[in-house]
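Going down the list, the protein sequences come from chains E and B. Per this note's numbering: the first sequence ends with 1286, consecutive numbering throughout. Per this note's numbering: the second sequence ends with 1286, consecutive numbering throughout. Here the structure comes first, spelled out in structure tokens, and everything after it is commentary.
Protein chains: 2
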Amino acid sequence: MVGVSDGPAGFQAIREANLGIVLRTIRQTAPCSRAVVAASTGLTKATVSSLVADLIDRGLVCETGLVTERRVGRPGMLLTIDGSTLVAIGLEVNVDYIAVSAVDLLEREVLSRHVEFDASSAGPEACAARLREVLLEVAADPLLRDRPLVGASTAVPALIDAPAGTVTNAPNLGWRDFPLRERLTALLAGSPLEGLPLLVDNDANLGAVAEYRGGHLARTLDLVYLTGEVGIGAGVLMNGELLRGASGFAGEVGHIPLLGNGPLCACGRRGCLESLAGMDTILRRAVPELVPEGPVRGSGLGELVAETARRAEAGDAAALAALRTAGTWLGRAVATLVNLLNPSAVVLGGYFVPLAPWLLPPCRAAAAAHSFAPDGGGCRIEPSALGLSAAARGGAMALIDALDTGALPLPPATAA
Amino acid sequence: MVGVSDGPAGFQAIREANLGIVLRTIRQTAPCSRAVVAASTGLTKATVSSLVADLIDRGLVCETGLVTERRVGRPGMLLTIDGSTLVAIGLEVNVDYIAVSAVDLLEREVLSRHVEFDASSAGPEACAARLREVLLEVAADPLLRDRPLVGASTAVPALIDAPAGTVTNAPNLGWRDFPLRERLTALLAGSPLEGLPLLVDNDANLGAVAEYRGGHLARTLDLVYLTGEVGIGAGVLMNGELLRGASGFAGEVGHIPLLGNGPLCACGRRGCLESLAGMDTILRRAVPELVPEGPVRGSGLGELVAETARRAEAGDAAALAALRTAGTWLGRAVATLVNLLNPSAVVLGGYFVPLAPWLLPPCRAAAAAHSFAPDGGGCRIEPSALGLSAAARGGAMALIDALDTGALPLPPATAA
DNA sequence: TCCATTAGTTTGATGACTGAACGAATTAGT
DNA sequence: ACTAATTCGTTCAGTCATCAAACTAATGGA
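So, in structure tokens, the structure goes:
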């Protein structure tokens, strides 16, 4: 867990690891005194003092006052994560918008933006340029001005080579093999944000991180986040770490085969989960007369989903039937996840959220019916509480997480 | 990867981590000189010298001679993993036998035993007593005598709480909630093996480790091992680490739902993988007149599988059909694994191995047809080359692995 | 023979943690 | 009010593993 990151361990490594441990401990048990931190980490009081002093210098931790309880002995100085200085920025590129979210160390959302942008027709290069603009703009915003940045992350609905920061294949955007981080780094050269740590990842993965850090299931070490956008993707967090697989394809839950001779899927096969419980299928059955011929994409989607919810609310038979069958298939897919991964929670995100009241009951029933473990291995199935821009926030939180786990890119030098 | 294991990092921690790094480097590039190790780890020559001296003292590494190549400069002293001292012992409990395997640091099998024992009717306590006997016997064997032990592991076909060393539920043995490690530790107290690090894990997990370290797919970081015993289980190794899930249920691939109204499975549901491609189903279709009424278990299984292979070889229609359909269903399950986990290899173990010539072609075809990634994400599907006692060897190798990764329980103190 | 080159060891310095002792701040008891 | 007991945090010397650089060792080539 601690993970002095790869490579030989020297003095810096040990220091960084311990800084991470102390930071995490303070986050978990704040507000608390140095003495408590020492006791619960096993480090010496002396070491903790030194480490805390360092963290205070860097603006990660602050002293908030003395212990109020009336106990024998000198009262301790209370420590808390300092939410007033550092900030992490998360960007999310989607088919027709760029979402921005800035999060402080206390995981509070400091700023949130929604920028209209047609990423699919603009192409990757233009999008990178726009991302640069947005980033510079946001960083200069009065809310963030003069606050040091941890880094910036970008969520893309695509297959990503995260270590390299490359977008391998983004079908909905029409991008292939675009080295996004490399381009962004180049574009930011010379600007005030030069050298900022940049992170690129898949929207489902970052959605999972957002749930892990910010949702009401926070701190659940083994969870799966299901995106309900045009497709269905999964972000899998096992033991607090993202599962990526050998080539980054892990979590392509949308195309697991569920029904032998099922309906034709966009991928060319039959009976994929996406063809049974994808938005497209739900909408075509729930509000058939409103759905155009071609594939449903972009901003129209939200409207159609809302209409589906209205009709279900009103008791419309077609809408209810569509949601019931979709929920059941989703439940079978969840059962598969449960049998293979045994997560403690599966979170439904994206457009599944507004439809959750009708999807969840059949989904839970089917999941329970097809899980091997008696009670589904104790797995909860819940709608996300984070809204549509979960991936943007998740990206920002992933950066905060990197600080805590000691895999921190670089906690900024003394800001004072 | 290095992973100064949890808890605060001190001097010992950093030392152990670096010892692990050097050990692993030597294993990967042996035979090699200290200078090469220094260059490829990033550590100083001085540090490497110190670490290597330590490893030699502990009997993990030995010098084998000078560099033979004729090059300018002083020739280096070649280092290799020392396979002649330390040994790890792996035990495997199964329905009707206990398998033993001892492996040296070079991953060579030093000793292998097969002990008849009816674990299901003897009960857990008697089995633990027998394991103790076997362990003491093996440790006293001339082949192992005077060689220091890394530890002993026990593979059980069951749901395991590995950190605790407890067998949660072993349906085929009829055990529930048996604290195996605790009992073994107690039973070994007073014997020469007192204090020996003990490890308990699931047979599929340890099979995966065996493939990772010893199979012809060695060093594949992301692989899945499928056991073909009475049931079908999966050991999942992601990024070189075992996937366990929230409560140890991960890898219950035998009961993922594949067919809506499929045949009744032993678990009470319909259409599970096990009911479509389990040994029981294959045998009932391939050699119907030889299979008794009740569930097939124990030693009879091997015979029936061999007969099935013979008939398939001879072109028997029923046998071929049974294997073809089972292979196809297996392939669909593999496709699900590939879509979710994106492993670089799936290994078929247990009784799947003798049947592989007939199972593999339809399996590969179905897997390719139902994977989202173009070429199955580059996933290879191969039969295991390790035979039936893979789990025993895997357990021993897991201990060796623990040494390499620096998560080593305790490399023994100076043996000299 | 002498030099260039590479291998491995020795030596002193640095940095980070530890342990014990100390000063600080507060409550409990007389 | 004053002392004892406690608990908090800091200071200071001590330990230990790494690092950098100098040094010895062994070989090939001029």
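Every residue, glycine too, gets a C-beta built ideally from N, C-alpha and C.
- If you draw a straight line from the Cα of residue 991(B) to the Cα of residue 1170(B), it is about 16 Å long.
- Remark: C-beta atoms of residue 1155(E) and residue 1214(E) do not approach each other more closely than 9 Å.
- Contact between residue 1019(B) and residue 957(B) is confirmed by a C-beta separation of about 6 Å, below the 8 Å threshold.
- Here residue 1051(E) is buried, its C-beta having at least 16 other C-beta atoms within 10 Å.
- For residue 977(B), the secondary structure class from DSSP, reduced to helix, strand or coil, is coil.
- In the three-state scheme derived from DSSP, where H, G and I count as helix and E and B as strand, residue 1092(B) is classed as coil.
- At the C-beta level, residue 1081(B) and residue 1246(B) stay beyond 9 Å of one another.
- Residues 1074, 1094, 1096, 1121, 1123 of the same chain have their beta carbon placed closer than 6 Å to that of residue 1104(E), with the five preceding and five following residues left out of the count.
- For residue 1224(E), there is no enclosing beta strand (DSSP E); the enclosing alpha helix (DSSP H) has its first and last residue at 1222–1240.
- Among the CB atoms of chain B, none fall inside 9 Å of the CB of residue 1274(E).
- In this chain, the alpha helix (DSSP H) harbouring residue 1155(E) covers 1149–1156.
- No Cβ-Cβ contact shorter than 9 Å links residue 1194(B) with residue 1158(B).
- Between residue 1043(E) and residue 1002(E), the CB-CB gap reaches or exceeds 9 Å.
- Residue 971(B) carries a strand assignment under DSSP once its states are collapsed to helix, strand and coil.
- For the region 1106–1120 of chain E, the set of positions with a beta-carbon nearer than 8 Å to some beta-carbon of chain B reads 1106, 1108, 1109, 1113, 1114, 1115, 1116, 1117, 1118, 1119, 1120 in chain order.
- Residue 1189(E) and residue 1242(B) have their C-alpha atoms roughly 29 Å apart.
- If you draw a 10 Å sphere on the C-beta of residue 1141(E), you find 16 or more other C-beta atoms in it, and that means buried.
- Taking the beta carbon of residue 903(E) as reference, no residue of chain B falls within 7 Å; the closest one sits roughly 17 Å away.
- With a minimum length of 4 residues, the unbroken runs of alpha helix (DSSP H) contained wholly in the region 875–942 of chain E fall at 881–899, 904–911, 915–927.
- Short of 6 Å from the beta carbon of residue 1234(E), and not among the five residues preceding or following it, lie these beta carbons of its own chain, in chain order: 1251.
- Residue 940(E) has its alpha-carbon roughly 50 Å from the corresponding atom of residue 1109(B).
- Across the structure, residue 1091(E) and residue 905(B) are spaced so that their CA atoms are roughly 41 Å apart.
- For residue 1075(B), the enclosing alpha helix (DSSP H) stretches over residues 1073–1084.
- Look at residue 957(E) here: in three-state DSSP terms it is strand.
- The continuous alpha helix (DSSP H) containing residue 1270(B) extends over residues 1260–1274.
- In the DSSP assignment, residue 994(B) falls within the alpha helix (DSSP H) that extends over 994–1009.
- Scanning chain B for C-beta atoms nearer than 7 Å to the C-beta of residue 1086(E) yields nothing, as the closest lies near 17 Å away.
- Rounded to the nearest whole angstrom, the CA to CA distance from residue 915(E) to residue 889(E) is 14 Å.
- For the 9 Å CB-CB criterion, residue 1254(B) and residue 984(B) do not form a contact.
- Classified as exposed, residue 944(E) has fewer than 16 neighbouring CB atoms from the shown chains inside 10 Å of its CB.
- Distances from the alpha-carbon of residue 936(B) to those of 948(B), 1100(B), 930(B), 942(B) put 948(B) closest.
- Against chain E, the CB of residue 896(B) has no partner CB under 9 Å away; the residue lies outside that interface.
- Here residue 1045(B) is bridged, per DSSP, to 1040(B).
- Apart from sequence neighbours up to five positions away, the residues of its chain that approach residue 960(B) with a beta-carbon distance below 6 Å are 971, 1023, 1262, 1263, 1265, 1266, ordered along the chain.
- Counting along the chain, the unbroken alpha helix (DSSP H) around residue 1180(E) starts and ends at 1170–1184.
- Within the DSSP bridge table, the entry for residue 1254(B) names no partner.
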